[in-house]
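Chains as they are written, first to last, in the working numbering: chain F, 151 to 305; chain P, 151 to 305. Remarks on the structure that follows.
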DNA sequence: TATTGTTATACTCTATAACTATA
DNA sequence: TATAGTTATAGAGTATAACAATA
């Protein structure tokens with residue numbers, strides 16, 4: 151329903167009652183995720199990476215040999231839509247496809263040295279950005295928040 | 151990066167290390183919002199409403215006379231993309247555009263009786279669905295969660 | 001017979017430019 | 001000169017169908 155940052159121009163808007171939305175977990179979680187993710191999106195754009203690219207890069211770096219099918223499942227991206235992304239990331243020399251050791255249909259994905267380096271750097275920077283973006287929270291609150299969020303979607 | 155429910159088919163996937171994503175507030179907030187919102191999306195599809203349509207309907211019902219520009223700002227939807235949505239909702243007889251009392255350029259949006267009725271019903275049902283979708287949380291935890299999320303995005 | 005990866009393609013969502021009527 | 005609402009259109013993201021190769 152919504153999107154990124156530099157969108158709606160300023161205006162004098164009087165009080166709008168948004169309580170019917172703000173009482174919902176789904177709405178608040180979405181707003182909060184957008185707030186944080188937009189900051190990260192803007193930062194990693196300097197590496198010519200999108201959120202989805204970074205997610206793929208991190209998962210491949212931490213899971214050498216992961217298959218396209220597994221990425222598809224974890225990130226909830228349809229296999230056909232993953233192909234172009236992987237091609238691009240491979241063409242940039244960040245990952246490479248190697249034959250899967252036991253399954254002849256599958257390809258194992260591996261980060262290159264360059265890809266591992268970029269993954270480590272961005273992971274660190276993103277972690278720092280997250281702390282700053284959630285600076286209104288104490289470390290304890292941040293841990294509590296993540297725990298409660300995971301109680302919702304982890305089954 | 152992701153989307154709705156009936157997406158990726160099942161598979162036997164061994165252990166994937168997702169800790170680099172699961173330590174991030176943005177990632178967890180996104181996953182949790184998707185978990186809850188997808189349930190709501192599926193339910194309100196029976197009223198032929200999308201999440202964005204319901205958001206508009208609720209805001210109009212609770213803010214008689216709200217302008218398109220204000221909706222655009224609150225929901226972070228670009229004005230051109232709002233036009234078609236409002237046309238559709240108006241065509242269904244749920245809202246109507248009336249001349250703005252003081253600003254000749256603007257139109258005030260008002261829920262019809264039918265629209266108010268649908269807003270009240272869906273708001274109630276969505277509230278119940280949210281409770282069920284977050285049933286792993288106590289009422290206190292749910293309140294805490296919303297408070298922490300709002301500390302992030304409210305400025 | 002089912003699954004992995006892929007191509008082609010349709011569909012939906014989001015963004016930009018430009019116009020009008022009014023402030 | 002700026003803003004509200006609108007049109008037209010471009011671009012990005014997400015979806016389905018179908019195929020070859022392998023399990």
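Heads up, the beta-carbon is just placed ideally off N, CA and C, and yes, glycines get one too. Predicted model, so just to flag it, every value in this text is computed and none were measured.
Worksheet item: Exposed or buried, what is residue 208 of chain P when buried is set at 16 or more other beta-carbons lying within 10 Å of its beta-carbon?
Response: buried
Worksheet item: With distances taken between CB atoms, is the gap from residue 258 of chain P to residue 217 of chain P smaller than 8 Å?
Response: yes
Worksheet item: From which residue to which residue does the beta strand (DSSP E) around residue 247 of chain F run?
Response: 245-249
Discussion item. So, for residue 240 of chain P: in the same chain, excluding its five sequence neighbours on each side, which residues have a beta-carbon less than 7 Å away from its beta-carbon?
Written reply: 246 and 247
Item to complete: Just the chain P side, please: which residues come within less than 7 Å of residue 167 of chain F by C-beta, in chain order?
Response: 212 and 213
Worksheet item: Residues bridged to residue 217 of chain F by DSSP?
Response: F/258
Worksheet entry | Inter-residue Cα distance where the pair is residue 185 of chain P and residue 166 of chain F | 27 Å
Worksheet item: Which residues mark the beginning and the end of the alpha helix (DSSP H) in which residue 173 of chain P is found?
Response: Run containing residue 173 of chain P: none; DSSP gives neither H nor E here.
Worksheet item: Should residue 205 of chain F go down as buried or exposed, given a rule of 16 or more other Cβ atoms within 10 Å for buried?
Response: buried
Discussion item. At a cut-off of 7 Å, would you count residue 242 of chain P as near the ligand ZN, judging by its Cβ distance to the nearest heavy atom?
Written reply: Looking at this structure, you won't find the ligand ZN or any other ligand, since it has none at all.
Worksheet item: From P/266, P/303, P/200 and P/272, pick the residue whose C-alpha is nearest to that of residue 244 of chain P; which is it?
Response: P/266
Worksheet item: Would DSSP call residue 252 of chain P helix, strand or coil?
Response: coil
Worksheet item: In chain order, what residues of the same chain lie with their CB nearer than 7 Å to the CB of residue 284 of chain F, ignoring the 5 residues before and after it?
Response: 186 and 292
Worksheet entry | Below-8 Å beta-carbon distance, residue 178 of chain F vs any chain P residue | yes
Worksheet entry | Alpha-carbon to alpha-carbon, residue 303 of chain F and residue 181 of chain P | 7 Å
Fill in: Contacts around residue 190 of chain F, its chain only, beta-carbon distance under 6 Å, and the 5 residues preceding and following it disregarded
276 and 279
Item to complete: State yes or no: is the C-beta of residue 296 of chain F within less than 8 Å of the C-beta of residue 178 of chain P?
Response: yes
Worksheet entry | Per-residue DSSP class, three states only, for residue 166 of chain P | coil
Worksheet item: In three-state DSSP terms, what is residue 242 of chain F?
Response: coil
Discussion item. Which of the three DSSP states is assigned to residue 285 of chain F in this structure?
Written reply: coil
Worksheet item: For residue 264 of chain F, which residues from the same chain have a beta carbon less than 7 Å from its beta carbon, with the 5 sequence-adjacent residues on both sides left out?
Response: 243 and 244
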